[in-house]
Structure formats: C-alpha cells, structure tokens
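Note that our numbering has the sequence shown beginning at 118, numbered continuously upward. All C-beta atoms, glycine included, are put in the ideal place defined by N, C-alpha and C. The model shown is predicted, which means the values in this text are computed figures rather than measured ones. Working notes, beginning with the structure itself.
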Amino acid sequence: MIGTGEHGILWNMKHFFDVPDCRIVAVCDVDKSRMLKAKHTVDETMGDSSCKMYSDFRDLLERKDIDAVQISTPDHWHVHMAIMALQAGKDVSCEKPTWTIDLGRKLVNAIGKTDRIFATSIEDRSLEPYYRMAQLVRNGHIGTITKMRIGLPGEHSIRVSKDTSIQPVPKDFDWEMWLGPAPYSPYSPGKTHFNFRWCSDYSVGSIADWGAHLIDNAQWCNGTEKWGPDEVEGVGSMPAEGYYDTFNKYTLKYRYENGLEMDVHGESIEIYIEGTNGWLLVEGWNKPLQASDSELLKLDLTQDEIQLYTAKTEQANFIECVKSRKEPYHPAEDMHRSATIAHMGVIAMKLQRKLLWDPGKEEFVNDAEANSLRSRDERDPWKLENLIVFS
Numbered sequence: 118m119i120g121t122g123e124h125g126i127l128w129n130m131k132h133f134f135d136v137p138d139c140r141i142v143a144v145c146d147v148d149k150s151r152m153l154k155a156k157h158t159v160d161e162t163m164g165d166s167s168c169k170m171y172s173d174f175r176d177l178l179e180r181k182d183i184d185a186v187q188i189s190t191p192d193h194w195h196v197h198m199a200i201m202a203l204q205a206g207k208d209v210s211c212e213k214p215t216w217t218i219d220l221g222r223k224l225v226n227a228i229g230k231t232d233r234i235f236a237t238s239i240e241d242r243s244l245e246p247y248y249r250m251a252q253l254v255r256n257g258h259i260g261t262i263t264k265m266r267i268g269l270p271g272e273h274s275i276r277v278s279k280d281t282s283i284q285p286v287p288k289d290f291d292w293e294m295w296l297g298p299a300p301y302s303p304y305s306p307g308k309t310h311f312n313f314r315w316c317s318d319y320s321v322g323s324i325a326d327w328g329a330h331l332i333d334n335a336q337w338c339n340g341t342e343k344w345g346p347d348e349v350e351g352v353g354s355m356p357a358e359g360y361y362d363t364f365n366k367y368t369l370k371y372r373y374e375n376g377l378e379m380d381v382h383g384e385s386i387e388i389y390i391e392g393t394n395g396w397l398l399v400e401g402w403n404k405p406l407q408a409s410d411s412e413l414l415k416l417d418l419t420q421d422e423i424q425l426y427t428a429k430t431e432q433a434n435f436i437e438c439v440k441s442r443k444e445p446y447h448p449a450e451d452m453h454r455s456a457t458i459a460h461m462g463v464i465a466m467k468l469q470r471k472l473l474w475d476p477g478k479e480e481f482v483n484d485a486e487a488n489s490l491r492s493r494d495e496r497d498p499w500k501l502e503n504l505i506v507f508s
C-alpha cells in the first residue's frame with residue numbers, strides 16, 4: 118500500500134482485506150502518523166505484526182516478495198510511481214486521474230512494454246446503477262444516443278485541515294518527498310491531505326477527480342472509452358485568491374465526430390443519457406437508476422446481447438487479474454482517455470476559446486499554445502524522462 122490517506126485506508130485497504138489470497142505486507146507514506154495507523158489496521162486485521170513500514174516508496178519496490186502494489190497518492194505522483202513500480206516488476210493498481218495528458222500517454226505506453234498487470238483503481242464498473250446503464254445503452258435499449266449530460270460536484274470540499282498558513286514542516290512528515298515532481302512551495306497543512314485536489318500544482322480539480330468517474334461512465338455508455346470527443350468549449354471560474362486555484366464552477370460542451378454533444382457542469386452529481394427511444398439517469402452518486410420507461414429497469418438482457426466486463430469490486434478484479442493475467446475491467450487506456458477529456462476542458466477554460474482535438478494524434482489542431490499545456494515541468498530529480506528505463 119503506497120499512500121495511506123483517507124481513500125487508501127478507508128476504501129482500498131478495506132476492500133483488499135475482503136479479497137481471498139491477498140495479504141497486505143507493507144505500507145508506505147511520507148506522513149508517519151498516517152503510516153502508523155495503517156500498520157495498526159493491518160496488524161489488527163491480519164492477526165500479526167509482520168507488516169513493514171516504508172517512508173520511501175522506492176525501498177518498498179525493492180522487495181522481491183511483493184507481487185503487486187496499490188498506489189493511493191495525490192495525482193501528481195500517480196504516473197511516476199506507477200511506471201517505477203512496473204519497472205520493478207510489480208503489478209499495479211493505481212488511483213486516477215493523471216496529472217497531464219502527456220503523462221497519461223506515457224503511462225499507457227510504458228505498460229505496453231511490460232508483461233505486468235495495470236488496473237485503474239476505480240469502482241464504477243462494479244456498481245449496479247452505472248453498469249446497468251451502460252448495458253442498456255450499449256445494447257440499444259434507448260435507441261441512438263442523442264445527448265449526454267454530466268454533473269460533477271464543482272465546489273471545493275475542504276477536509277482534514279482548513280489552515281492554509283505557511284508553517285514549519287511537521288516532524289515525521291517528508292515534505293520534499295510529498296512534493297516529488299511538483300513545483301517547490303512551503304509547507305501548509307491546508308493543501309496536503311485530501312485538499313491537494315483543489316491545488317493546480319498537484320491536480321486539475323473536481324473535473325478530473327470526479328470526471329474520472331462520471332465522464333468515464335458516459336464514455337463507457339457511448340462505446341468511446343478508448344477514444345473521445347474532438348471539440349470542447351466552455352467557461353469556468355475559480356476562487357480569486359488562495360491555494361485552491363482549480364475551477365470550481367464550470368460549464369463545458371464536448372462534441373464527438375458524429376455530432377453527439379456531452380455537456381459537463383460543476384453543480385451537482387448526475388449522469389443523464391438520452392436516446393431516440395428514451396432516457397436513463399443516475400442522480401447523485403451511486404443512486405438508483407431512473408428511466409423514461411420503468412419497463413427498462415426490469416428488462417433482462419439476453420445471452421446474445423453485449424455483456425460488459427464487470428466485477429464484484431475493483432480490488433477483487435485486480436487480484437483476480439494478478440492471478441489470471443487477464444486485462445482488468447478498467448485498463449489504463451480508458452483512464453487516460455477520460456482524464457484527457459477533463460484536461461481538454463480545463464485547457465479550453467484557461468485559454469477561453471473553443472479547441473479542436475485529434476483523438477488519434479492526441480493533440481490540439483493547429484494550436485501551439487493549447488498543445489503546450491498537454492504537459493508541464495517536472496521537478497528534479499523526478500523528471501519522468503530520467504526515470505524510465507524501458508527501451
């Protein structure tokens with residue numbers, strides 16, 4: 118377990134405990150207090166004290182007896198740690214999203230050069246409302262899709278600490294390692310645990326954090342999970358001052374090659390898919406599926422219809438694939454494409470203009486300024502180009 122914060126422990130670790138043939142043998146975090154709590158949880162659950170602690174993830178990766186790692190860190194570390202773990206011969210389950218478009222493609226390419234398993238750590242494809250929605254749409258039960266609407270929780274939810282003052286780095290907190298490839302800045306508790314999501318140095322905000330769920334679900338329904346739209350425009354705003362400098366209010370419109378439009382707003386959680394013969398809606402997170410015709414909700418799919426890949430949980434699917442060597446239900450390409458859609462929206466809002474996108478070349482059409490924002494500077498010694506050893 119690399120990263121023992123809220124999601125790492127309360128979600129990922131909790132569900133790995135329920136998977137047979139899975140044993141957590143090490144925990145790693147730059148915050149010793151969190152790591153100690155994680156070890157205590159493992160020891161208590163496993164019934165012994167053999168779980169080791171590491172403050173540097175590279176030391177954990179050196180262990181030959183570890184088959185797989187779960188990465189539950191801030192966004193700016195996802196790709197770097199995942200690729201280093203792959204290079205160390207580990208199978209990898211990693212949280213979403215990617216830090217940049219460019220890094221997402223580099224991750225997918227790196228995975229293709231190994232025989233390792235990579236799974237996006239995301240639960241939606243195992244959740245009944247979203248799986249059922251995609252099954253019905255992909256099998257044509259609402260006709261041809263004519264509209265998609267995605268609602269994300271735009272406002273910055275501040276947890277753990279609201280203190281954004283600059284402070285001395287706490288004892289037993291490796292701030293330099295926490296920053297990693299991100300730009301250097303003084304320590305402040307209000308921009309670390311959980312709240313890093315709203316700081317542009319470490320993330321691109323709720324559109325990527327939540328878009329990894331709901332935009333991805335729309336992509337799955339549309340059958341474009343390995344592709345994407347070719348146009349985006351929109352407007353957004355963010356707090357006028359302070360650390361939380363990602364868009365928290367936004368309205369975006371994406372268009373696919375066939376003319377289908379997907380509207381994304383930062384107001385409330387929803388996914389709405391409209392077709393020529395009806396509509397489906399999940400209003401709120403993982404709430405019951407609604408439909409224009411209640412008979413749709415009772416429909417039993419036949420054996421010869423499309424059966425989408427699902428699983429009991431994301432963690433169970435990952436361990437199953439570690440053993441079987443089958444591709445997980447949410448591979449890196451899918452995660453990269455949904456993250457790219459989020460990044461496209463952020464770039465369009467920053468530049469305040471419509472952008473054309475080539476999903477094949479993964480570049481903006483005739484727009485050098487927009488293309489320059491597909492990547493960002495990485496701080497030494499964590500530049501990815503210096504860490505990749507794949508030929």
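Counting only the Cα atoms, Met294 lies some 39 Å from Pro246.
Only exposed fits Ala485, as fewer than 16 other CB atoms lie within 10 angstroms of its CB. Put simply, the region 130–138 does not touch the region 281–291. Fewer than three CB pairs are less than 8 Å apart. In terms of Cβ geometry, Gly395 and Leu369 do not form a close pair [threshold 8 Å]. Non-local beta-carbon contacts of Asp451 in its own chain, meaning distances under 6 Å to residues more than five positions away in sequence, involve Glu342 in chain order. By the criterion of a C-beta distance shorter than 7 Å, Val321 is surrounded in its chain by Thr363, Ala459, His460 and Val463, once the five residues flanking it on both sides are discounted. Annotation for Ala143: no alpha helix (DSSP H) segment contains it, though the beta strand (DSSP E) segment containing it runs Ala143 to Cys145. Assignment of beta-bridge partners to Ile119 by DSSP yields Cys145 and Ile188. Pairing Ala185 with Lys156 gives a Cβ-Cβ distance that is not under 8 Å. In this structure, the CA atom of Glu391 is about 5 Å from the CA atom of Lys264.
The beta strand (DSSP E) runs lying completely inside the region 449–507 and spanning 3 residues or more are 472–475, given in chain order. By the Cβ-count criterion, Gly359 is exposed, with fewer than 16 other Cβ atoms from all chains shown falling within 10 Å of its own Cβ. Each of Tyr171, Asn256 and Arg222 was checked against the Cα of Pro476, and the nearest Cα belongs to Arg222. With fewer than 16 other beta carbons inside 10 angstroms of its own, Thr419 counts as exposed. Within the same chain, Cβ atoms closer than 6 Å to the Cβ of Gln187 are found at Met118, Asn129 and Ser210, the five residues on either side in sequence being excluded. The closest CA to that of Gly260, considering only Leu501, Glu240, Ser409 and Ser243, is found on Ser409. By the neighbour-count criterion, in which 16 or more other beta carbons inside 10 Å mark a residue as buried, Lys213 falls on the buried side. Ser150 sits away from Asp333, with the two beta carbons spaced by 8 Å or more. Of the residues assessed, Asp165 falls on the exposed side of the cut-off, its CB having fewer than 16 other CB atoms within 10 angstroms. By a beta-carbon distance limit of 8 Å, Ile200 contacts Ala227. Their separation comes to about 5 Å.
Sequence-distant Cβ neighbours of Asp160 in its own chain, meaning closer than 7 Å and more than five residues away, are Ser166 and Cys168.
Cβ contact annotation for Glu387 (same chain, cutoff 6 Å, sequence separation greater than five): Gly268 and Glu400, in chain order. Straight-line spacing of the CA atoms in Ile436 and Asn483 works out to 44 Å. Linking Val144 to Tyr367 through their CA atoms gives a straight-line distance of about 38 Å.
As the crow flies, the alpha-carbon of Ala329 is around 31 Å from that of Arg180.
Annotation for Glu495: Pro298 and Leu501 place their beta carbon closer than 7 Å to its own, counting only its chain and skipping 5 residues before and after.
DSSP places Met355 outside both helix and strand once states are collapsed to three, so it counts as coil. Excluding the 5 residues flanking it on each side, Met250 has same chain C-beta neighbours closer than 8 Å at Asn334, Cys338, Ile388, Ile390, Leu397, Val399 and Leu406, in chain order. Assignment of beta-bridge partners to Cys211 by DSSP yields Ile188 and Thr237.
Under the three-state reduction of DSSP, Ile390 is assigned to strand. With distances taken between CA atoms, Gly122 lies nearest to Val277 out of Val277, Leu224 and His197. The bridge partners DSSP lists for Ala408 are Leu397. For secondary structure counted as the alpha helix (DSSP H) over 4 or more consecutive residues, the region 290–364 holds these complete runs in sequence order: 292–296, 323–326 and 328–339.
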